[in-house]
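Inspection log for the structure reproduced underneath, given as structure tokens.
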Amino acid sequence: MQTSSRLLGVGAELAAFLLAATCAGCDEPGTLLCPRCRCDLTPRPRSSVTPGGLPVHAALEFDGVAARCIRRLKGEGETYLARPLAEALATVLSPLATPMTWIVPVPTARRAFRRRGYRVPELLIRRAHAQPQRMLSLVAAAVDQRGLGAREREENVRGTMRARGRGEGAEVVIVDDVVTTGATLDEAARALEAAGYRTVAAVVLAATPHRSGF
Ligand SMILES: [Zn+2]
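Numbering (my numbering), first residue to last: 23 to 236.
Pasting the structure below:
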């Protein structure tokens, strides 16, 4: 009796939470992600190549509902969005994730980790049912990339990452949430290759249209 009334209490709290919630994609009340917006997260895989020649596979365009959901995951702590977004990521990651492949997330700045309490690329990899290998670390802080052009971004991130251990030819797929010019992915590949890893591709949740050549 006590258990069922406690369950009712939990149910009422959940109902109240959902009533106060709005859809992450379109602000429709009473839902965390409405069916229409969930449908907008259906992957539309695209491939491109970074300036450094690394193939990049993106699940979504960083636009509309997908961009809103990614911003809310990154900026507002709405980690429940990692699951539907990771479903999209998995469609481009899974075909490349052989048992021999290391899935390496782009490192998260310490300040961003402290603010969020989680690392976005790592969270997405886990929710996509893969195992992230934290092989890359930041050895220098890049300034905020927003507003920088492709060449400025390249200069800004160069030499900021280092790979742990020795790769000895191990195959790596790099994972990030959003690609804009590809400068960050190129720096990640440079650091991994300097340590003896073989970077076969990068996989990203979303690509910024027009900027990333998609
Ligand atoms: Zn919606």
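C-beta atoms are modelled at their ideal positions from N, C-alpha and C, and glycine is treated no differently.
Per DSSP, what kind of secondary structure is residue i in: helix, strand or coil?
{"i": "threonine 44", "result": "strand"}
{"i": "threonine 221", "result": "strand"}
{"i": "valine 179", "result": "helix"}
{"i": "arginine 141", "result": "coil"}
{"i": "alanine 108", "result": "helix"}
{"i": "leucine 160", "result": "strand"}
{"i": "glutamate 193", "result": "strand"}
{"i": "proline 121", "result": "coil"}
{"i": "alanine 81", "result": "strand"}
{"i": "valine 32", "result": "helix"}
{"i": "valine 201", "result": "strand"}
{"i": "alanine 185", "result": "strand"}
{"i": "leucine 115", "result": "helix"}
{"i": "alanine 131", "result": "coil"}
Give every residue of the same chain whose Cβ lies closer than 6 angstroms to the Cβ of residue i, excluding the five residues on either side of it in the sequence, and list them in chain order.
{"i": "glutamate 176", "result": "Ala205"}
{"i": "cysteine 59", "result": "Cys45, Gly47, Cys48 and Val87"}
{"i": "valine 194", "result": "Trp124, Val126, Leu214, Tyr219 and Thr221"}
{"i": "threonine 230", "result": "Phe84 and Thr202"}
So is residue i buried or exposed if we call it buried at 16+ other beta carbons inside 10 Å?
{"i": "histidine 232", "result": "exposed"}
{"i": "glutamate 35", "result": "exposed"}
{"i": "tyrosine 102", "result": "exposed"}
{"i": "threonine 221", "result": "buried"}
{"i": "leucine 158", "result": "buried"}
{"i": "aspartate 208", "result": "buried"}
{"i": "valine 226", "result": "buried"}
{"i": "threonine 120", "result": "exposed"}
{"i": "threonine 64", "result": "exposed"}
{"i": "glycine 189", "result": "buried"}
{"i": "arginine 66", "result": "exposed"}
{"i": "arginine 141", "result": "buried"}
{"i": "cysteine 61", "result": "exposed"}
Grab the span of the beta strand (DSSP E) containing residue i for me, first residue to last.
{"i": "alanine 211", "result": "No beta strand (DSSP E) contains alanine 211, which is instead part of the alpha helix (DSSP H) from 205-216."}
{"i": "arginine 68", "result": "68-71"}
{"i": "leucine 63", "result": "No beta strand (DSSP E) holds leucine 63; DSSP gives it neither H nor E."}
{"i": "leucine 54", "result": "That residue, leucine 54, is in no beta strand (DSSP E); it is neither H nor E in DSSP."}
Which residues in the same chain have their Cβ closer than 7 angstroms to the Cβ of residue i, if we skip the five residues on either side of it in sequence?
{"i": "glutamine 153", "result": "Ile125"}
For the alpha helix (DSSP H) that contains residue i, what are its first and last residues?
{"i": "alanine 152", "result": "Element bounds for alanine 152: n/a, residue is neither H nor E."}
{"i": "valine 87", "result": "86-97"}
Give me, in chain order, the residues of the same chain whose beta-carbon lies closer than 8 angstroms to that of residue i; leave out the 5 immediate sequence neighbours on both sides.
{"i": "leucine 41", "result": "Pro51 and Gly52"}
{"i": "asparagine 178", "result": "Ala164, Val165, Gln167, Leu170 and Ala205"}
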